[in-house]
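This report concerns only the one structure given below.
Numbering (the numbering used here), first residue to last: 14 to 231.
See below:
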């Protein structure tokens, strides 16, 4: 794996108080977030995504609270382009071939944070091998951050913006039949924020190629 240095980013992690003082991150509005439900919608989204080299990627799962309770997630998977995001509920049978087409494509690089867990969960649930993934936590660690950096901290560090991360939404029921508007916004903009950080770091250029993880080198 190639190591690189991000010279334009301070490696000091901001405090929560410092993040709170930043201007809000401008995420995607609801009219640019598509909840896919039909075969036609999945095919349209697939056609759009296969034209992209890089897409933001994340998953959401219904939280577990009881000791020993096993997660049945992920329940939601989200993909983001630079101007639109797609939300998929994993209990939709029409989604399964769509997942495999996008996740197993070596041509589409899936960009996000902490993707090892997402990859393992999707493999276990659907047998889908997520190829060509780029974990931004790894990129920032190589840039000099000793602590793990998630989406909220990365947006503050790289974009100088505050990503809204509501605990009430993050721990909401992601397995519900009808997702709420605040859930759609949260899910879509997690993936969208990852893509924004990725481009701001210049990882779409040659410097990021060594970070792309495939099946054979996972």
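Where is the CB? At the ideal position from N, CA and C, for every residue including glycine. Predicted model, so just to flag it, every value in this text is computed and none were measured.
What do you reckon, are the CB atoms on residue i and residue j nearer than 8 Å?
i           : j           : result
residue 92  : residue 127 : no
residue 35  : residue 169 : yes
residue 88  : residue 188 : yes
residue 122 : residue 225 : yes
residue 55  : residue 49  : yes
residue 125 : residue 204 : yes
residue 32  : residue 154 : no
How many angstroms separate the CA atom of residue i from the CA atom of residue j?
i           : j           : result
residue 26  : residue 113 : 36 Å
residue 107 : residue 51  : 7 Å
residue 79  : residue 218 : 45 Å
residue 63  : residue 120 : 8 Å
residue 173 : residue 100 : 26 Å
residue 81  : residue 72  : 22 Å
residue 38  : residue 202 : 9 Å
residue 76  : residue 138 : 17 Å
residue 151 : residue 141 : 22 Å
residue 59  : residue 116 : 11 Å
residue 178 : residue 166 : 11 Å
residue 156 : residue 94  : 25 Å
residue 171 : residue 96  : 19 Å
residue 229 : residue 211 : Low local confidence applies: a pLDDT of 44 at residue 229 is under 50, so the model's placement there is unreliable, and no value is given.
residue 215 : residue 66  : 14 Å
Which of the three DSSP states, helix, strand or coil, is assigned to residue i?
i           : result
residue 32  : helix
residue 155 : helix
residue 242 : Given a span of 14 to 231 for the chain in the structure shown, any question on residue 242 remains unanswerable.
residue 78  : coil
residue 73  : strand
residue 168 : helix
Measure from the alpha carbon of residue i to the alpha carbon of each residue in the options, then state which is nearest.
i           : options            : result
residue 223 : 75, 162, 83, 146   : 146
residue 164 : 155, 103, 148      : 148
residue 46  : 198, 213, 211, 206 : 198
residue 43  : 98, 53, 74, 29     : 98
residue 182 : 144, 66, 209, 74   : 74
For this session: Flag this pair as touching only if the segment 127-144 and the segment 180-198 have three or more C-beta atom pairs under 8 Å; answer yes or no.
Result: no
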